[in-house]
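Participant: Numbers 0 to 68, taken from numbering that gives the first Met the number 0, label the letters of the sequence shown in order. Note that the Cβ used here is the ideal one computed from N, Cα and C, for glycine as well. Handing you a structure now.
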Amino acid sequence: MPVRKRAKTAAKTTAQPPPVVRRPRAHAPEREVCPKCGRLTARLIGRSETFPVLYLRCDDCAHTSIAPA
């Protein structure tokens with residue numbers, strides 16, 4: 000019987016843990032700093048095709064602003 004117990008404990012100590020499987024995260028909305036209130040709650044709502052500008056809307060103060068890209 001002691002031989003079996005040793006074999007079981009030796010197998011437990013030499014066994015490697017299963018590999019970690021990483022799952023891709025869901026895409027989070029991009030957050031920007033609101034130029035009016037200064038919080039990180041502004042969302043990107045659009046881009047200009049002709050000029051390098053971004054259109055932002057803040058969730059806290061509901062201000063819509065234009066920022067350079």
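Using a threshold of 8 Å, state whether the C-beta atoms of residue 39 and residue 30 are closer than that.
Facilitator: By one-based count along the sequence shown, residue 39 stands at place 40. By one-based count along the sequence shown, residue 30 stands at place 31. In this structure, residue 30 lies closer than 8 Å to residue 39 by Cβ.
Participant: Counting C-beta neighbours from all protein chains within 10 Å, is the total for residue 61 16 or more, i.e. buried, or is it exposed?
Facilitator: Locating residue 61 in the sequence shown gives position 62, where the first residue counts as 1. Residue 61 comes out exposed.
Participant: Starting from residue 41, trace the beta strand (DSSP E) in both directions and tell me its first and last residue.
Facilitator: Mapped onto the sequence shown, residue 41 falls at position 42. Looking at the DSSP string, the run of the beta strand (DSSP E) that includes residue 41 is 41-46.
Participant: Taking the DSSP output, what are the residues bridged to residue 61?
Facilitator: Within the sequence shown, residue 61 is the residue found at index 62, counting from 1. Note: residue 61 sits in no beta bridge, so no partner.
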